[in-house]
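In this note's numbering, the protein residues as written are 226 to 468.
For reference, the structure is listed below as structure tokens.
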């Protein structure tokens, strides 16, 4: 019974920030409950749990697939006893806290490259021995090899590259148009990769882009992407942002 209470305390100490980032509360709580010490990144399904020493005031992480433009803050895990108080060692000192961050593995990814910032100092992850030199950017990065998986959804598959996906009746001619090609419905024809599933991979520069699919002359939004907006002529278009 005592152990169950402690695990619940683990889960509740930081559920809100990551749930807002798109991880379901139950999944997040289960992942938090696996953290017992600082260790190398741990893969669980399509998620990765990163940990760092709680001695730092601040730790963050940035990923290559986001062009290192976003820094995600680690959360502090304070282990508590059955009375909800911070746990102490036998000598009466507070137990060391653990900093952690949980992220979902992007689809179609076999290796995650990232950097850690600790109290303002950028570095490779000291808990991950696999590192490589990024010659283009001029710094060392950590590398985590993961199992690639597929999700039929429009998404950034790598830096400045988007895989557009469309679900439509099989055997149709489906094309892609948007603000990136002046809404020309004849430039980009999609490929039916399996029955009723159409795809097109397109390089795009950073920015926010509006797009839609065309089945003949009929314009339809992307049903695999819930982010929508209205065009000037009052039609519904889908939206994707390249960071």
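Even glycine gets a Cβ: it sits at the ideal position worked out from N, Cα and C.
Since this is a predicted model, take the numbers as computed values, not measurements.
- Below 8 Å, enough C-beta pairs join the region 327 to 337 and the region 366 to 381 to call them touching: three or more.
- Inter-segment contact for the region 283 to 293 and the region 371 to 387 is present: three or more beta-carbon pairs are separated by less than 8 Å.
- For the region 316 to 365, not one full-length alpha helix (DSSP H) segment reaches 4 residues or more.
- By the neighbour-count criterion, in which a residue is buried when 16 or more other Cβ atoms sit within 10 angstroms of its Cβ, residue 415 is buried.
- Apart from sequence neighbours up to five positions away, the residues of its chain that approach residue 432 with a beta-carbon distance below 7 Å are 467, ordered along the chain.
- Between the C-alpha atoms of residue 351 and residue 343 there is a straight-line separation of about 11 Å.
- Cβ-Cβ distances below 6 Å link residue 426 to 388 in the same chain, with the five nearest sequence neighbours on each side left out; the list follows chain order.
- Annotated three-state conformation of residue 258 is coil, per DSSP.
- Beta-bridge partners assigned by DSSP to residue 428: 386.
- Around the beta carbon of residue 364, a 10 Å sphere encloses fewer than 16 other beta carbons of the protein chains shown; the residue is thus reported as exposed.
- In this model, residue 251 and residue 257 are separated by some 10 Å (Cα to Cα).
- In this structure, DSSP gives residue 437 an extended state, which the three-state scheme calls strand.
- The region 261 to 280 and the region 320 to 331 touch, with three or more beta-carbon pairs separated by less than 8 Å.
- A direct Cα-Cα distance of roughly 29 Å separates residue 255 from residue 348.
- For residue 250, the secondary structure class from DSSP, reduced to helix, strand or coil, is helix.
- Measuring C-alpha to C-alpha distances from residue 410 to each of 390, 397, 436, 393 identifies 436 as the nearest.
- Between the beta-carbon of residue 455 and that of residue 401 there is about 19 Å, and that puts the pair past the 8 Å contact cut.
- Rounded to the nearest whole angstrom, the C-alpha separation of residue 446 and residue 249 is 26 Å.
- Burial state of residue 441 is exposed, judged by a 10 Å Cβ sphere holding fewer than 16 other Cβ atoms.
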